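Read the structure below first, then the notes.
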Amino acid sequence: MALEIRQADQSDRDAVARLLDEAFRTDPVSSWVFPDPDHRAAVHGKFLGVFVDVALAEGRIDYAVDGSAAALWLRIPAGEPEGEDEVPAKMRAVADPDNERCELVGRLTGAVHPTAEEHEYLLMIAVTPDRQGEGLGGELIRPVLERCDREGVPAYLEASSERSGRLYERLGFAHTGSPVQLPDGPLMWPMWRKPNGVARPVA
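The sequence shown begins at 84 in the working numbering and counts up by one.
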């Protein structure tokens, strides 16, 4: 049965933030930003809630009708962004003001974000832990990639693990070069997908 998808609105904000919290609670990057598990449990949802607010205000959130998965997208114009990106600082201020890593992760990934072409940016994608491994992530983002192909628009993301990177490769993404090295922490892999990328079936 195909995944039923709708566009989330403001009334879904807290539910999507909870989904992101649950899906990424043990993610390598989240574990680096908040090394203490108890502290992570207390502030992680606030941290990721900033992503939800940005996507609702400036992009869109594709949301499984059953609440099992969500993908946060932004359409990024070509050219250098105007002014300093305020999102990393806001993430730190909202979630954990004394924790520099809240802001640093956004600064480091922002420094390598492509600027030459307009593109769809997969800001985050989350699948509820008890449904991971079922292919829901691929189902959720494939319609956007098909639209990218029709419109001739590339797509971009940062994979936070090698496992997720392999999924994105099957959807036509390719590594852009060197990974982002978080200080004393994990790697993040920037990935770019040209329109009409060959997307192999997700196992």
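Just so you know, even glycine gets a beta-carbon here, dropped at the ideal spot from N, CA and C. No experiment lies behind these values; they were computed from the predicted model shown.
Comparing C-alpha distances from LEU223 to each of ASP232, ARG108 and TRP156 shows the shortest one belongs to TRP156. Listed in chain order, the non-local C-beta contacts of ARG96 below 6 Å within the same chain comprise VAL135, local neighbours out to five positions each way being set aside. The C-alpha of GLU241 is placed about 6 Å away from the C-alpha of MET274. Bridge partners of PRO278 according to DSSP: none are assigned. Restricting attention to alpha helix (DSSP H) runs no shorter than 4 residues, the region 217-286 encloses them at 219-234 and 245-253, ordered along the chain.
Per the Cβ contact rule, the region 213-232 is not in contact with the region 188-195 (fewer than 3 Cβ pairs under 8 Å). Taking the C-beta atoms as reference points, ARG214 is found nearer than 8 Å to SER151.
Annotation: the continuous beta strand (DSSP E) that includes ARG89 extends over 88-90. Excluding five sequence positions before and after ILE144, the CB atoms of its chain that fall closer than 8 Å to its own CB belong to GLN90, ALA91, ASP95, VAL99, VAL135, ALA138, ALA153, ALA154, LEU155 and TRP156, given in chain order.
Short of 7 Å from the beta carbon of ALA178, and not among the five residues preceding or following it, lie these beta carbons of its own chain, in chain order: VAL126, LYS129, PHE130 and CYS185. Under the DSSP assignment, VAL210 falls in the beta strand (DSSP E) whose first and last residues are 202-210. Here SER261 is exposed. Its C-beta has fewer than 16 other C-beta atoms within 10 Å. LEU157 is bridged by DSSP to TYR204.
Distance from the Cα of PRO237 is smallest, within the candidate group LEU219, HIS202 and GLU87, for HIS202. Counting every other CB atom within 10 Å of its CB across the protein chains shown gives PRO160 a total below 16, marking it as exposed. Beta bridge pairing from DSSP links ARG143 with TRP156.
Considered as a whole, the region 93-121 harbours 96-107 and 111-116 as its complete alpha helix (DSSP H) runs of no fewer than 4 residues, in chain order.
By alpha-carbon distance to LEU270, the top candidate from PRO111, LEU103 and ILE88 is PRO111.
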